[in-house]
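Undergrad:
In the numbering used here, the protein residues as written are 1 to 321.
1) Kindly indicate which three-state DSSP category residue 238 falls into: helix, strand or coil?
2) Taking the C-alpha atoms as reference points, what is the distance between residue 95 and residue 37?
3) Taking 8 angstroms as the threshold (C-beta atoms), are residue 80 and residue 46 in contact?
4) Taking the beta carbon of residue 197 as the centre, do at least 16 other beta carbons fall within 10 Å, making it buried, or is it exposed?
5) Helix, strand or coil for residue 91 per DSSP?
6) Identify whether residue 132 lies in helix, strand or coil by the three-state DSSP scheme.
7) Whether or not the region 46-59 and the region 112-129 are in contact is what I'm after, with contact meaning three or more pairs of Cβ atoms, one per stretch, closer than 8 angstroms; do they touch?
8) Could you pull out every residue in the same chain whose Cβ sits closer than 6 angstroms to the Cβ of residue 88, ignoring the five residues on either side in sequence?
9) Mind checking whether residue 28 and residue 123 have CB atoms under 8 angstroms apart?
10) Once you ignore the five residues that flank residue 137 on each side, which residues in its own chain have a CB closer than 8 angstroms to its CB?
11) In the structure shown, what three-state DSSP assignment does residue 315 receive?
12) Do the region 236-246 and the region 172-181 make contact, defined as three or more Cβ pairs closer than 8 angstroms?
13) Tell me the DSSP secondary structure of residue 71 in three-state form.
14) CA-CA distance, residue 240 and residue 43?
15) Write down every uninterrupted run of the alpha helix (DSSP H) in the region 182-230 whose length is 4 residues or greater and which is fully enclosed by it, in chain order.
16) Leaving out five residues before and five after residue 175 in sequence, what residues of the same chain have Cβ atoms less than 6 angstroms from its Cβ?
17) Let me check one thing: in DSSP terms, what residues is residue 174 bridge-paired to?
18) Which residues in the same chain as residue 19 place their Cβ atom closer than 7 angstroms to its Cβ, once the five residues preceding and following it in sequence are excluded?
19) Pull up the DSSP beta-bridge partners for residue 11, would you.
20) In this structure, how does DSSP classify residue 65 when only helix, strand and coil are distinguished?
21) Work out the CA separation of residue 272 and residue 238 for me, nearest whole Å.
22) Got a sec, what are the start and stop residues for the alpha helix (DSSP H) residue 33 sits in?
23) To which residues does DSSP link residue 99 through a beta bridge?
24) So, helix, strand or coil for residue 286, using DSSP?
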């Protein structure tokens with residue numbers, strides 16, 4: 001007989017596109033959770049593989065698993081449909097090839113139940129190579145250097161940090177569903193990458209209260225597909241520029257009168273353009289024209305001066321070594 005939970009507190013939203021070869025392990029992982037009052041909404045985003053058959057096997061055994069099919073529309077649209085169908089108090093986003101530690105949901109629910117003003121809690125994230133999930137690391141480069149700032153507070157105090165970088169991966173978060181709905185926040189379907197970063201920024205602009213959960217047994221586990229990492233990182237610098245464009249438009253549309261935010265966006269653009277120059281070449285005419293269009297001629301000069309100082313310091317360090 002299928003297992004039934006009448007007290008759904010957490011809706012786990014799992015978008016999947018042709019991940020039938022991995023999703024079984026992800027769903028098996030959910031069955032190991034200490035916390036049991038969840039539903040898993042698997043949104044099949046137009047898969048042409050065996051995703052439906054694999055997920056339906058779980059649905060037949062446990063009614064907490066829910067299979068939903070939609071025409072392919074991308075990750076953002078799949079997550080939005082999951083949010084729309086969610087019945088829990090909280091939403092846990094989970095990619096179809098990733099895992100959660102056994103105590104993750106339990107620790108976050110306990111904290112957020114005790115602290116009803118908390119909009120979003122988040123935990124550490126661990127990374128593992130695609131073919132070796134037993135070995136966990138602290139970042140995408142699969143080493144032990146920590147990158148997460150682990151900041152807590154209202155969005156008004158964290159927005160500067162979020163402009164500079166995404167403070168945590170999407171699987172780390174547990175989000176209060178009422179906050180999302182009251183503020184009409186969803187993932188932007190026009191964004192094919194960094195849509196989660198954009199989502200958190202708009203939560204910030206709605207003054208969400210974020211809380212980092214310090215618990216060594218609570219963390220997300222993220223699969224690293226090493227073969228595609230370099231390609232993705234090459235693309236990401238351009239998507240970061242698109243994100244800053246989107247953020248600027250969002251601030252204008254909300255009539256937020258905070259000149260310091262536009263200054264931070266400008267600084268972020270300068271940093272991103274410096275990375276673009278390193279990748280594309282310092283004499284690339286197309287990049288130079290793009291910098292002038294976004295930052296002006298003096299902005300171009302600032303980018304080059306900062307980059308020249310970076311190169312000089314790097315060369316000096318290499319000589320000293």
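For each residue, glycine too, the CB sits at the ideal point set by N, CA and C.
All figures in this text were calculated on a predicted structure; none of them were measured in a lab.
TA: On the basis of the coordinates in this document:
1) If DSSP states are grouped into helix, strand and coil, residue 238 belongs with the helices.
2) The C-alpha of residue 95 lies about 20 angstroms from the C-alpha of residue 37.
3) Annotated as distal: residue 46 and residue 80, with beta-carbon spacing of 8 angstroms or more.
4) Buried, since its Cβ has 16 or more Cβ neighbours within 10 Å.
5) Looking at residue 91 - three-state DSSP - the assignment turns out to be strand.
6) Of the three classes helix, strand and coil, the one that applies to residue 132 here is strand, per DSSP.
7) No: fewer than three Cβ pairs fall under 8 angstroms.
8) So the list reads 8, 9, 10, 11, once near-sequence residues are dropped.
9) No, the Cβ-Cβ distance between residue 28 and residue 123 is not below 8 angstroms.
10) So the list reads 126, 127, 128, 143, 144, once near-sequence residues are dropped.
11) In the structure shown, residue 315 sits in a helix (DSSP, three-state: H, G or I).
12) No, because fewer than three Cβ pairs between the region 236-246 and the region 172-181 fall closer than 8 angstroms, the two stretches do not touch.
13) Coil.
14) Straight-line Cα distance between these residues: approximately 27 angstroms.
15) For the region 182-230, the continuous alpha helix (DSSP H) assignments of 4+ residues that do not extend past its boundaries occur at 195-205, in sequence order.
16) Same-chain partners within the cutoff: 91, 120.
17) DSSP output for residue 174 lists 92, 121 as bridge partner(s).
18) Sequence-distant partners of residue 19 (beyond 5 residues in either direction) whose C-beta falls short of 7 angstroms from its own C-beta, in its chain, are 51, 96, 97.
19) According to DSSP, residue 11 bridges with 39, 91.
20) In the structure shown, residue 65 sits in a strand (DSSP, three-state: E or B).
21) So the alpha carbons of these two residues sit roughly 8 angstroms apart.
22) Premise fails: residue 33 is in no alpha helix (DSSP H) and is neither H nor E.
23) In the DSSP output, where bridge partners are listed per residue, residue 99 has 221.
24) Three-state DSSP puts residue 286 in a helix.
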